[in-house]
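In short: position in the sequence shown from 1, add 7, done, that's this note's numbering.
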Amino acid sequence: MEMGIKEQLAILIQLQNIDKEIYDLRKVLEEKPRQIEEIKKAFQEKEKVFKDLEEKVKQKKIKLKEMELELKTKEENVKKMQIQLFQVKTNKEYASLQKEIEDLKADNSLLEEEIIKGLEEIDSLDKELNKEKNLLEEERKKMEGEIAQVEKEIAELKEKIKGLENSRGEFTSKIDPPLLARYERLLVNKNGRALAQIIKDSCSGCNMGLPPQVINEVTLGEKIVTCENCMRILYL
8 MEMGIKEQLA ILIQLQNIDK EIYDLRKVLE EKPRQIEEIK KAFQEKEKVF
58 KDLEEKVKQK KIKLKEMELE LKTKEENVKK MQIQLFQVKT NKEYASLQKE
108 IEDLKADNSL LEEEIIKGLE EIDSLDKELN KEKNLLEEER KKMEGEIAQV
158 EKEIAELKEK IKGLENSRGE FTSKIDPPLL ARYERLLVNK NGRALAQIIK
208 DSCSGCNMGL PPQVINEVTL GEKIVTCENC MRILYL
């Protein structure tokens, strides 16, 4: 037995409820990859801070090695010059060489102070680096946990959508194909809402006031009536 417009409209309303839920779930699902990217980005920013500190420590150590090598070279020069003291022939040459040695020792003393300061700074930075490394590992675990949670939510959303899509068939099979095609076109074009209830003589889809004649036609239920403004199928 062929169903009338009222019966088909009643089925469409049930179908609309399912499709609205599917639409809403898909909207939530669409946001999930962005959430994952934001979680990753937040971690990457923290990772960059750590890597910058790591690079700073590395450069400090390179500089310290250069200073230590420079000091070693200068100390060797002092030793050579001290040997030369026994080879000079005049007091003037002796005094000149002695002054060079004293100046070089003074330079070495300043360089030693810089090296000591550098060692202390590196020791402090190494401690900070180790602390930040541990914190970063905690952040990594936190990030992985958050991503796993979002991925779990994605799987659950997909499962819900799949279940709802399967249940659609129970209703779509009862609707006349031309009406179903019309409904599904509206569903795509109207953000998941193909139907609009009449509330206080207005279309709930676009809030446009409806003429009495249109409301009467919907009340009679002899044909499918649409809102002239938003084109959604109207029902009471």
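Backbone N, C-alpha and C define an ideal beta-carbon position, used for all residues, glycine too.
Quick one: does L217 have its CB under 7 Å from some CB of chain B?
Protein chain content of the structure displayed is limited to a single chain, and chain B is not contained in it.
Can you tell me whether DSSP reads I182 as helix, strand or coil?
The answer is coil: DSSP assigns I182 none of H, G, I, E or B.
Could you tell me the boundaries of the beta strand (DSSP E) in which A203 lies?
It spans 202-206 - the beta strand (DSSP E) in which A203 sits, taken as one unbroken run.
May I ask which residues mark the beginning and end of the beta strand (DSSP E) holding I240?
Taken as a continuous stretch (DSSP letters only), the beta strand (DSSP E) holding I240 covers 240-242.
Quick check on the burial criterion: 16 or more other C-beta atoms within 10 angstroms. Buried or exposed for L22?
That one is buried.
Taking C-beta to C-beta, are V225 and L243 nearer than 7 Å?
In this structure, L243 lies closer than 7 Å to V225 by Cβ.
Please report the distance separating the alpha-carbon of M8 from that of E191.
Its pLDDT being 47, under 50, M8 is placed unreliably by the model, and the measurement read from it follows with that caveat. Cα to Cα, the separation comes out at about 24 Å.
Does the region 85-94 come close enough to the region 156-174 that 3 or more CB-CB pairs lie under 8 Å?
Contact between the region 156-174 and the region 85-94 is absent, because fewer than three Cβ pairs lie under 8 Å.
Is there contact here, the region 42-52 with the region 127-138, by at least three beta-carbon pairs under 8 Å?
Result no; under three Cβ-Cβ pairs closer than 8 Å.
Which word fits G11, buried or exposed, when buried means at least 16 other C-beta atoms lie within 10 angstroms of its C-beta?
It is exposed - the Cβ of G11 has fewer than 16 other Cβ atoms within 10 Å.
Quickly, what does DSSP pair T97 with across the bridge? List them, please.
Partner(s): none; T97 has no beta bridge.
Does the region 112-121 come within contact of the region 74-82, defined as at least 3 CB pairs closer than 8 Å?
Yes: the two stretches touch, three or more of their Cβ pairs being nearer than 8 Å.
Out of curiosity, what's the CA-to-CA distance linking G229 and K13?
Reading off the sequence, residue 229 comes out as Glu, not Gly. Cα to Cα, the separation comes out at about 7 Å.
Alpha carbons only, please: which of E62, E120, R200 is nearest the one belonging to N24?
Looking at the Cα atoms, R200 is the closest of the given residues.
Pull up the distance between the alpha-carbon of K72 and that of Y101, whole angstroms please.
If I take the Cα positions, the gap works out to 34 Å.
By Cβ distance below 6 Å, which residues in the same chain neighbour F178 in space, the five residues on each side in sequence not counted?
Answer for F178: I18, Q21, L22, listed in chain order.
From which residue to which residue does the alpha helix (DSSP H) around P40 run?
P40 -> alpha helix (DSSP H) spans 12-91.
With the cut-off set at 7 Å, would you say N198 and C213 are in Cβ contact?
No, Cβ-Cβ distance for N198 and C213 is not below 7 Å.
For the putative contact between K39 and I161, defined by C-beta atoms under 8 Å, what is the C-beta separation to the nearest angstrom?
The pair is a contact, with the Cβ atoms about 5 Å apart (cut-off 8 Å).
As an exercise, report each continuous alpha helix (DSSP H) stretch of at least 4 residues that is fully enclosed by the region 99-156, in chain order.
Complete alpha helix (DSSP H) runs here, min 4: none at all.
On a Cα-Cα basis, can you pick out the residue from P218, Q66, E61, I43 that is closest to K138?
The option with the nearest alpha carbon to K138 is E61.
Using a 10 Å radius around the Cβ and a threshold of 16 neighbouring Cβ atoms, would you call Q220 buried or exposed?
Exposed is the call here.
Look up T233 in the DSSP assignment and give the residues it is bridged to.
DSSP lists I240 as partners of T233.
Taking the continuous alpha helix (DSSP H) assigned at L227, which residues delimit it?
First-last of the alpha helix (DSSP H) with L227: 219-227.
Quick check on D5: buried or exposed, where buried means 16 or more other Cβ atoms within 10 Å of its Cβ?
The question about residue 5 has no answer here: the residues shown for the chain are numbered 8 through 243.
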